[in-house]
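S.K.: Mind looking over this structure? Questions follow.
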Amino acid sequence: MNNYKHSLASWAVLPVSLVLTLGMVGTGGHLIQDGKQTGSNAAQATGDQSSLESKYLHNVRQVTSGFTKAGEGYFSPDGKTIVYQAISDTYPFYQIYKQPLVGGTPQLLSRGRGRTTCAYFSPDGKKILFASSHTDPQLDKTEADAIRQAEEDARNNVRRRYQWDFDPHMEIYEANLDGKNLTPLTNAPGYDAEGAYSVDGKSIAFCSMRDGDPDIFLMNSDGSNLRQITNAPGYDGGPFVSPDGNWIVFRSDREKKDYLQIHVIGVDGQNETALTDNNGVNWGPYWHPTQPYLIWSGADHSDPTKRPNYDLWVMKYKIEDGKFIGGEKTRITDNIAADVLPVFSPDGRKLMWTSTRTENRTSQLFIADVTLPGEER
Ligand SMILES: [Ca+2]
Ligand SMILES: [Ca+2]
Ligand SMILES: [Ca+2]
Numbered sequence: 000m001n002n003y004k005h006s007l008a009s010w011a012v013l014p015v016s017l018v019l020t021l022g023m024v025g026t027g028g029h030l031i032q033d034g035k036q037t038g039s040n041a042a043q044a045t046g047d048q049s050s051l052e053s054k055y056l057h058n059v060r061q062v063t064s065g066f067t068k069a070g071e072g073y074f075s076p077d078g079k080t081i082v083y084q085a086i087s088d089t090y091p092f093y094q095i096y097k098q099p100l101v102g103g104t105p106q107l108l109s110r111g112r113g114r115t116t117c118a119y120f121s122p123d124g125k126k127i128l129f130a131s132s133h134t135d136p137q138l139d140k141t142e143a144d145a146i147r148q149a150e151e152d153a154r155n156n157v158r159r160r161y162q163w164d165f166d167p168h169m170e171i172y173e174a175n176l177d178g179k180n181l182t183p184l185t186n187a188p189g190y191d192a193e194g195a196y197s198v199d200g201k202s203i204a205f206c207s208m209r210d211g212d213p214d215i216f217l218m219n220s221d222g223s224n225l226r227q228i229t230n231a232p233g234y235d236g237g238p239f240v241s242p243d244g245n246w247i248v249f250r251s252d253r254e255k256k257d258y259l260q261i262h263v264i265g266v267d268g269q270n271e272t273a274l275t276d277n278n279g280v281n282w283g284p285y286w287h288p289t290q291p292y293l294i295w296s297g298a299d300h301s302d303p304t305k306r307p308n309y310d311l312w313v314m315k316y317k318i319e320d321g322k323f324i325g326g327e328k329t330r331i332t333d334n335i336a337a338d339v340l341p342v343f344s345p346d347g348r349k350l351m352w353t354s355t356r357t358e359n360r361t362s363q364l365f366i367a368d369v370t371l372p373g374e375e376r
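Each residue of the sequence shown is one higher than the last, beginning at 0 in numbering that gives the first Met the number 0.
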């Protein structure tokens, strides 16, 4: 087993698609929102919007509450249900929940034990995949250690530097929509996670550390026909296959450790291009379903005395002679809170992302109607 770890300079420098640290101390401790697991389609007002945000985002509403924190949400193919990860007050690690956007309460899909992350609906709407470490043979100890650490941090008022240890017991599973019939799709030493189906449902792009370094892989949606797409030293993760099925967008810190940049690469492993190259962290890229746009979250880390403000950026792109060409970047949020992990709805009209723009500053999921640059009202 490897013990690859990213030690991070601040909560914001996240190597994986997780929001484990958005302004929070440890885990398992403090239930916010009046101590009630209210479930949450209770839309909440989010205050006045800035002039920048009001050009691109309308009808901003909070869609999760009652959790210690929640994030990394994805839409079902019909756009009516979301799947996401959340931490409750009773367990130290993220679990996977599904929730109808209208009139529903969260339903636990994962096993209730172990670390979980990165859920995704299959395009036919019949399965959900996610990564889970519930087969960890030392799970009791893993949980006890996490709980003890969280309690100690709470007692000492420690705001712990973020560290995600690429749990080597993470495997990717598929399950029915109710969480039943959980079936492993990977079975290899090391971290396998951050999976998402291609639009045709035939393949899954994911991150694996099976050779000791995090790289992008593709496999058929039944786990067969494994293909390694990247093999550069450094973290390559959070991959999504493009709507036309030809490209994979992902994030990589191969140029400078922990400074993630957005890359695209052909599904054949050719024509890799870096779309960002700055003194910051750029992560959580996602494709618009119908228009040639990418979206991601980025923050400037060039001034160590300033707290980086994570905001959402979109880029128009074009493909010419088989090459992927990135265009102008447009910032679409400027809230002082962290804004990360954006995804478009299947019809492209809504945006869902994880933000700490909540009353209690916990990270929760938000949805807005979105207007792309060039189409501003
Ligand atoms: Ca594994
Ligand atoms: Ca790599
Ligand atoms: Ca922000």
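Every residue gets a Cβ at the ideal spot worked out from N, C-alpha and C, and that includes glycine. Everything numeric in this text was worked out from a predicted model, so none of it was measured.
Measure the alpha-carbon distance for residue 237 versus residue 341 and round it to whole angstroms.
M.R.: Going from the Cα of residue 237 to the Cα of residue 341 covers about 12 Å.
S.K.: Give the straight-line distance between the Cα atoms of residue 274 and residue 263, rounded to the nearest whole angstrom.
M.R.: Cα to Cα, the separation comes out at about 7 Å.
S.K.: For residue 23, I'd like the list of residues in its chain whose CB is within less than 8 Å of its CB, leaving aside the five on either flank, ordered along the chain.
M.R.: Any reading at residue 23 is ruled out, since the residue's pLDDT is 29, under 50, leaving its predicted position unreliable.
S.K.: Using a Cβ-based criterion (distance less than 7 Å to any ligand heavy atom), does residue 187 qualify as near ligand 1?
M.R.: Yes, Cβ of residue 187 sits closer than 7 Å to a heavy atom of ligand 1.
S.K.: Which runs of the alpha helix (DSSP H) at least 4 residues long sit entirely within the stretch 169-255? Give them in chain order.
M.R.: As far as the stretch 169-255 is concerned, it has no whole alpha helix (DSSP H) run of at least 4 residues.
S.K.: Under 7 Å: does the beta carbon of residue 281 sit that close to some heavy atom of ligand 3?
M.R.: Because no heavy atom of ligand 3 lies under 7 Å away, the Cβ of residue 281 does not count as near it: no.
S.K.: Kindly examine ligand 1 and report whether one of its heavy atoms sits closer than 7 Å to the Cβ of residue 71.
M.R.: The answer is no for residue 71.
S.K.: Compute the Euclidean distance between the alpha carbons of residue 212 and residue 234, then round it to the nearest angstrom.
M.R.: Looking at the two C-alpha atoms, the distance is approximately 7 Å.
S.K.: If I measure Cβ to Cβ from residue 44 and keep anything under 6 Å in the same chain, skipping five residues before and after, which residues do I get?
M.R.: For residue 44, the predicted model reports a pLDDT of 43, less than 50, meaning its position is unreliable; a value from the coordinates is still stated below. Contacts found: none.
S.K.: On a Cα-Cα basis, can you pick out the residue from 77, 65 and 82 that is closest to residue 71?
M.R.: Per the Cα distances, 82.
S.K.: Taking CB distances under 8 Å as the criterion, tell me whether residue 326 reaches chain D.
M.R.: Looking at the structure shown, chain D is missing, and only one protein chain is on hand.
S.K.: Within the chosen definition, does the stretch 200-209 reach the stretch 172-188 through at least 3 CB pairs nearer than 8 Å?
M.R.: Flag = yes, the stretch 200-209 and the stretch 172-188 touch.
S.K.: Just how far apart, CA to CA, sit residue 156 and residue 149?
M.R.: Taking the straight line joining both Cα atoms gives about 10 Å.
S.K.: Less than 8 Å between the C-beta atoms of residue 349 and residue 367, yes or no?
M.R.: Yes, Cβ-Cβ distance for residue 349 and residue 367 is below 8 Å.
S.K.: Below 7 Å CB to CB, which residues in the same chain sit around residue 30 once its five sequence neighbours on both sides are set aside?
M.R.: Interpretation of residue 30 is limited by its pLDDT of 21, a score under 50 that renders its predicted location unreliable; the figure taken from the coordinates is listed afterwards. Excluding residues within five positions, the ones whose Cβ falls inside 7 Å are 67 and 88.
S.K.: Is it buried or exposed, residue 101, if we count other Cβ atoms within 10 angstroms and call 16 or more buried?
M.R.: With fewer than 16 Cβ atoms within 10 Å of its Cβ, residue 101 is classed as exposed.
S.K.: Tell whether a beta-carbon distance below 8 Å holds between residue 192 and residue 203.
M.R.: Cβ distance not < 8 Å, so residue 192 and residue 203 don't count as in contact.
S.K.: Using a 10 Å radius around the Cβ and a threshold of 16 neighbouring Cβ atoms, would you call residue 57 buried or exposed?
M.R.: The residue in question, residue 57, is exposed, as its Cβ has fewer than 16 Cβ neighbours within 10 Å.
S.K.: For residue 74, tell me which candidate among 126, 249, 327 and 231 has the shortest Cα-Cα distance.
M.R.: The shortest C-alpha separation from residue 74 is found at 126.
S.K.: If I measure Cβ to Cβ from residue 200 and keep anything under 7 Å in the same chain, skipping five residues before and after, which residues do I get?
M.R.: Only 121, 122, 123 and 220 meet the Cβ criterion.
S.K.: Could you name each continuous alpha helix (DSSP H) segment of 4 residues or more that falls completely within the stretch 114-148, going from the start of the chain to the end?
M.R.: Fully enclosed alpha helix (DSSP H) runs of 4 or longer: not present.
S.K.: Report buried or exposed for residue 144, applying the criterion of at least 16 other Cβ atoms within 10 angstroms of its Cβ.
M.R.: So residue 144 counts as exposed.
S.K.: What does DSSP give as the partner residue(s) for residue 296 in the beta ladder?
M.R.: Residue 296 pairs with 282 and 311.
S.K.: If you count every other CB in all the chains shown that lies within 10 Å of the CB of residue 173, and 16 or more means buried, which is it?
M.R.: The residue is buried, with at least 16 neighbouring Cβ atoms inside 10 Å.
S.K.: Whose CA, out of 295, 373, 80 and 290, lies closest to the CA of residue 313?
M.R.: Residue 313 has its Cα closest to that of 295, out of 295, 373, 80 and 290.
S.K.: Under 8 Å by Cβ, that's how I've got residue 141 and residue 130 pegged, so tell me the actual separation to the nearest angstrom.
M.R.: Contact flag wrong, Cβ pair sits at about 15 Å.
S.K.: Below 7 Å CB to CB, which residues in the same chain sit around residue 371 once its five sequence neighbours on both sides are set aside?
M.R.: So the qualifying residues of the chain are 290, 292 and 313.
S.K.: If you reduce the DSSP assignment to three classes, tell me which class residue 337 lands in.
M.R.: Here residue 337 sits in coil by DSSP.
S.K.: Where does residue 53 sit, in a helix, a strand or coil, going by DSSP?
M.R.: Reduced to three states, the DSSP call for residue 53 is helix.
S.K.: So, at 7 Å on beta carbons, what are the nonlocal neighbours of residue 151 in its own chain, with the 5 sequence-adjacent residues on each side left out?
M.R.: If we look at residue 151 and ignore the five residues flanking it on each side, it has no Cβ neighbours.
S.K.: Label residue 170 either buried or exposed according to how many other C-beta atoms from any shown protein chain fall within 10 Å of its C-beta, with 16 as the threshold for buried.
M.R.: Residue 170 should be labelled buried.
S.K.: Once the 5 residues before and after residue 395 are set aside, which same chain residues still bring their CB inside 8 Å of it?
M.R.: Here the chain has residues from 0 to 376 only, and residue 395 is not among them.
S.K.: With a CB to CB cut of under 7 Å and the five nearest residues on each side skipped, what residues in its chain are close to residue 225?
M.R.: The residues are 216 and 218.
S.K.: Identify, in the order they occur along the chain, each residue of the same chain with its Cβ nearer than 7 Å to the Cβ of residue 347, setting aside the five sequence neighbours on each side.
M.R.: Result list for residue 347: 287, 288, 289 and 290, in chain order.
S.K.: If you compare alpha carbons, which of 94, 113 and 118 is closest to residue 107?
M.R.: It is 94 whose Cα lies nearest to the Cα of residue 107.
S.K.: So, for residue 345: in the same chain, excluding its five sequence neighbours on each side, which residues have a beta-carbon less than 7 Å away from its beta-carbon?
M.R.: Correct list, in chain order: 74, 76, 78 and 288.
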